[in-house]
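*Asks:* In our numbering, the protein residues as written are 16 to 152. Every residue, glycine too, gets a C-beta built ideally from N, C-alpha and C. Just dropping this structure here.
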């Protein structure tokens with residue numbers, strides 16, 4: 016959490032509505048410049064002057080329950096400090112980041128579309144299958 020003067024300054028800069036949104040989603044108040052918007056509608060911000068190192072970049076997800084799987088690969092490289100080039104820069108397109116994850120869509124974990132691996136190895140333990148004999152009475 017930030018200090019009280021910094022929190023008041025961020026409330027003044029970003030407004031009450033955005034401050035409530037930030038406290039509910041990321042748990043801190045932040046104010047910075049809008050760097051870009053991806054195709055999903057997520058907004059990316061940066062503030063190098065007042066934030067702590069490695070906390071200068073953040074994302075405001077389009078929906079309230081944002082998922083990190085909804086970040087495009089180029090923006091993920093930028094937000095995780097793997098590169099300083101924005102996906103909107105011409106340098107980005109020469110780096111090859113746009114080849115990663117062409118059809119991102121949604122995260123299918125815990126759904127029918129989730130990846131389920133299967134084994135091609137013969138099992139070491141064979142389950143017992145009892146043989147039922149007919150009783151003579």
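Using C-beta distances below 6 angstroms, list every residue in its chain close to residue 46, excluding the 5 sequence neighbours before and after it, in chain order.
*Replies:* The residues are 25, 28 and 29.
*Asks:* Could you give the distance in angstroms between the alpha-carbon of residue 62 and the alpha-carbon of residue 73?
*Replies:* Residue 62 and residue 73: Cα-Cα distance of roughly 9 angstroms.
*Asks:* Grab the span of the alpha helix (DSSP H) containing residue 73 for me, first residue to last.
*Replies:* First-last for residue 73: 72-75, but that is the beta strand (DSSP E), not the alpha helix (DSSP H).
*Asks:* From what residue to what residue does the alpha helix (DSSP H) around residue 140 run?
*Replies:* No alpha helix (DSSP H) contains residue 140, which DSSP labels as neither H nor E.
*Asks:* From residue 71 to residue 55, what distance separates their C-alpha atoms?
*Replies:* Roughly 22 angstroms between the two C-alpha positions.
*Asks:* To the nearest angstrom, how far is it from the Cα of residue 35 to the Cα of residue 21?
*Replies:* About 15 angstroms.
*Asks:* Cα separation between residue 148 and residue 135?
*Replies:* The straight-line gap from Cα to Cα measures roughly 33 angstroms.
*Asks:* Residues bridged to residue 59 by DSSP?
*Replies:* For residue 59, which the question treats as bridged, DSSP gives the partners 51 and 74.
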